[in-house]
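A.B. asks: Before I ask anything, let me first share the structure, which is written out below as structure tokens.
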Amino acid sequence: MMNDIIADALTRIRNAAMRKLEVATLLHSNTVVGILSVLEKKGYIEGFKEVDGEKNKKTIQVTLKYDDNERSVINELKRVSTPGRRVYKNASEIKTFKNGYGTIIVSTNKGVIANDEAFAANVGGEVLCTVW
């Protein structure tokens, strides 16, 4: 039994990027799909698709993105809020990250969104992860 599926997904993406793989396979979760949609919208990954696996277990195939020098576009992907230590921030505390170069992914009552969208909508929530 896996305790933190979000941390597992982020680790699989980091490991695939270090090995310069085209595709990373993640376990399915609605929160992971929300995180991946933010990453795709911000340009950190090429795309993703949900695939039916064996024994009715869904997986997600993530296509990673690299620059012209074959380095990953993602420099750092870090989990902030864990099952043992939840981190909540209000809208004013999540305004910017890394002087606007990074993104904070937040779970709010409006869904999983990026920090700039949360600030514009004036909503706070649980800080899931940071990426730059």
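First residue of the sequence shown: 2, per the working numbering; consecutive thereafter.
Heads up, the beta-carbon is just placed ideally off N, CA and C, and yes, glycines get one too.
1) As an exercise, report each continuous beta strand (DSSP E) stretch of at least 3 residues that is fully enclosed by the stretch 38–87, in chain order.
2) Could you tell me if asparagine 31 is buried or exposed, where buried requires 16 or more neighbouring beta carbons within 10 angstroms of its beta carbon?
3) Are the beta-carbon atoms belonging to glycine 112 and threonine 131 less than 8 Å from one another?
4) Using the rule of at least 16 other Cβ atoms within 10 Å of the residue's Cβ for burial, across every protein chain shown, is glycine 126 buried or exposed?
5) With a CB to CB cut of under 6 Å and the five nearest residues on each side skipped, what residues in its chain are close to asparagine 110?
6) How close, in whole Å, do the beta carbons of phenylalanine 18 and isoleucine 106 come, if the pair is a contact with beta carbons under 8 Å?
7) So what's glutamate 23 in DSSP terms, helix, strand or just coil?
8) Would you grab the beta carbon distance between aspartate 9 and leucine 40 for me? Rounded to a whole angstrom, and I think it's under 8 Å.
9) Threonine 64 to valine 52, Cα distance in whole Å?
C.D. replies: Reading it off the structure:
1) As far as the stretch 38–87 is concerned, its whole beta strand (DSSP E) runs of at least 3 residues are 46–53, 59–65 and 78–80.
2) Locating residue 31 in the sequence shown gives position 30, where the first residue counts as 1. Exposed: under 16 other Cβ atoms inside 10 Å.
3) On the sequence shown, position 111 is the one that residue 112 refers to. On the sequence shown, position 130 is the one that residue 131 refers to. Taking the C-beta atoms as reference points, threonine 131 is found no nearer than 8 Å to glycine 112.
4) Locating residue 126 in the sequence shown gives position 125, counting from the first residue. Looking at its Cβ environment, which holds 16 or more other Cβ atoms inside 10 Å, glycine 126 is buried.
5) Mapped onto the sequence shown, residue 110 falls at position 109. Only residues of its own chain outside the window of five on either side were considered, and among them none has a CB closer than 6 Å to the CB of asparagine 110.
6) Taking the sequence shown and counting its residues from 1, the one referred to as residue 18 is at position 17. Taking the sequence shown and counting its residues from 1, the one referred to as residue 106 is at position 105. Inspection of the sequence shows that residue 18 is occupied by alanine rather than by phenylalanine. Between isoleucine 106 and alanine 18 the Cβ distance is about 17 Å, and since that is not below 8 Å, they are no contact.
7) Counting from one through the sequence shown, the residue named residue 23 turns up at place 22. It is coil, neither helix nor strand.
8) For the purposes of this step, residue 9 is taken as the residue at position 8 of the sequence shown. For the purposes of this step, residue 40 is taken as the residue at position 39 of the sequence shown. 16 Å between Cβ atoms; not a contact.
9) The sequence position of residue 64 within the sequence shown is 63, counting from 1. The sequence position of residue 52 within the sequence shown is 51, counting from 1. Answer to the nearest angstrom: the Cα atoms are 13 Å apart.
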